[in-house]
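Asks:
Residue numbers (our numbering), protein chains in the order written: chain A, 1 to 252; chain B, 1001 to 1112.
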């Protein structure tokens, strides 16, 4: 793999994580328990969507075959998406959404901070902008996690269950492959082992403040980054791509 | 006597449990840029103080409106009673000598 290929593939994966989480959050627009939560959720979704657009647009330029952001988002099959399984997990209840966000954002923020110091100038600019947004997402999500964990008996029980259920998707975040290695070698990319240690201690601190039990590392799911996704993923992609597939080339 | 805001006691009672339907109300004040003062922007419901700040950020500064936010529980605001407005404000109406309109402003003085 040459350096251009490594950069291209790394960018597409960044875009896939951001787009898939944006789409999951969009699914619950208009379901917010309060107007204020509703706006926050829509803001978050649009932040991820904006980041995905920057990653895809740049990926298309690096590839040099004339693909646009829309080609990446709407004209690839589900097997061509290489997002981590965590971001595609169904929304479930409010506690599930919050836990999914906290686990992912704590990882994503470290990834963006590392990318802010990589050797590709354009990616540095995108990462610095995105990190500001994700820092707020993480603040918001962790504050909610603390309130749910340290809230009522019911909220505590349910959010502990969310944490236990989603924990098996956290291993994949740090399971590097040849793309991560090539990107790290060519562009001074993130050190996943170091990131994992920081992530674990940050998450442990939030979970402790939320008076919840930190799940033990057991069997970890994987495959998202090779295009093998959870059952619900195909439906999500089908809905997301429906308009472009039914009316090719459709524009606003 | 303070006016028509709901009492603190009542709001505390309402917000005691997360299963309660309504969160307490907070008033939001935004400073548009450094040097200006905070201005009342509106209000948000929130589970507690810290979340009120988040909600205020998400609701009132989405279009780059602010550099600083204050939130305060609406029940903490002591408001004047509209019934008393005559006694409170009418007496100032005929005291024009309190306005600095009797001074000549020297040339070159701006922003006065």
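Virtual Cβ for every residue (Gly too), placed ideally from N, Cα, C. The structure displayed is predicted, hence computed values, not measured ones.
Shortest alpha-carbon distance to residue 109(A) belongs to which of 139(A), 224(A) and 63(A)?
Replies: For the purposes of this step, residue 109(A) is taken as the residue at position 109 of the first chain. Minimum Cα distance to residue 109(A) is reached at 139(A).
Asks: For the segment 1037–1053 of chain B, which residues have a beta carbon sitting closer than 8 Å to at least one beta carbon of chain A?
Replies: Per Cβ criterion, the list reads 1044, 1045, 1046, 1047, 1048, 1050 and 1051.
Asks: Which full runs of the alpha helix (DSSP H) of 4+ residues lie inside the segment 155–209 of chain A, going along the chain?
Replies: Correct list: 178–187 and 192–209.
Asks: Give a yes or no on whether the minimum CB-CB distance between residue 1059(B) and chain A is below 7 Å.
Replies: Your numbering for residue 1059(B) matches position 59 in the second chain. Answer yes: the Cβ-Cβ gap between residue 1059(B) and chain A drops below 7 Å somewhere.
Asks: Is residue 31(A) buried or exposed, if buried means 16 or more other CB atoms sit within 10 Å of its CB?
Replies: As a working note, residue 31(A) is residue 31 in the first chain. So residue 31(A) counts as exposed.
Asks: Compute every distance between the C-beta of residue 1078(B) and the non-hydrogen atoms of the ligand GDP, then say whether any falls below 6 Å.
Replies: You won't find the ligand GDP in this model; it holds no ligand whatsoever.
Asks: Measuring straight from C-alpha to C-alpha, what distance separates residue 239(A) and residue 1085(B)?
Replies: Residue 239(A) sits at position 239 when you count from the first residue of the first chain. Residue 1085(B) sits at position 85 when you count from the first residue of the second chain. Distance between the alpha carbons of residue 239(A) and residue 1085(B) is about 59 Å.
Asks: Check the C-beta distance from residue 1045(B) over to residue 1070(B) and give it rounded, since I have them as a contact under 8 Å.
Replies: In the second chain, counting from the first residue as 1, residue 1045(B) sits at position 45. In the second chain, counting from the first residue as 1, residue 1070(B) sits at position 70. About 17 Å separates the two Cβ atoms, so there is no contact after all.
Asks: Just checking: is the beta-carbon of residue 140(A) within a distance shorter than 7 Å of some beta-carbon in chain B?
Replies: Taking the first chain and counting its residues from 1, the one referred to as residue 140(A) is at position 140. True, the Cβ-Cβ gap to chain B drops below 7 Å.
Asks: Is it the case that the Cβ atoms of residue 112(A) and residue 130(A) are separated by a distance below 7 Å?
Replies: If you number the first chain from 1, residue 112(A) lands on position 112. If you number the first chain from 1, residue 130(A) lands on position 130. In contact: residue 112(A) and residue 130(A) (Cβ atoms closer than 7 Å).
Asks: Can you pull the chain B residues whose beta carbon is under 8 Å from the beta carbon of residue 40(A), in chain order?
Replies: Walking along the first chain from the start, residue 40(A) turns up at place 40. Within 8 Å Cβ-Cβ: 1054, 1055 and 1058.
Asks: Which residue's Cα is closest to the Cα of residue 133(A): 170(A), 1(A) and 47(A)?
Replies: Here the question's residue 133(A) lines up with position 133 in the first chain. Residue 47(A) is the option with its Cα nearest to residue 133(A).
Asks: Which residue or residues does DSSP assign as beta-bridge partners of residue 231(A)?
Replies: For the purposes of this step, residue 231(A) is identified with residue 231 of the first chain, where counting begins at 1. Paired residue(s): none; residue 231(A) is not in a bridge.
Asks: Report the partner residues of residue 1027(B) according to the DSSP bridge assignment.
Replies: By one-based count along the second chain, residue 1027(B) stands at place 27. According to DSSP, which records beta bridges pairwise, residue 1027(B) is partnered with 1043(B) and 1072(B).
Asks: Given 8 Å as the limit, is there contact between the segment 181–192 of chain A and the segment 224–234 of chain A, that is, 3 or more CB pairs closer than that?
Replies: No contact exists between the segment 181–192 of chain A and the segment 224–234 of chain A.
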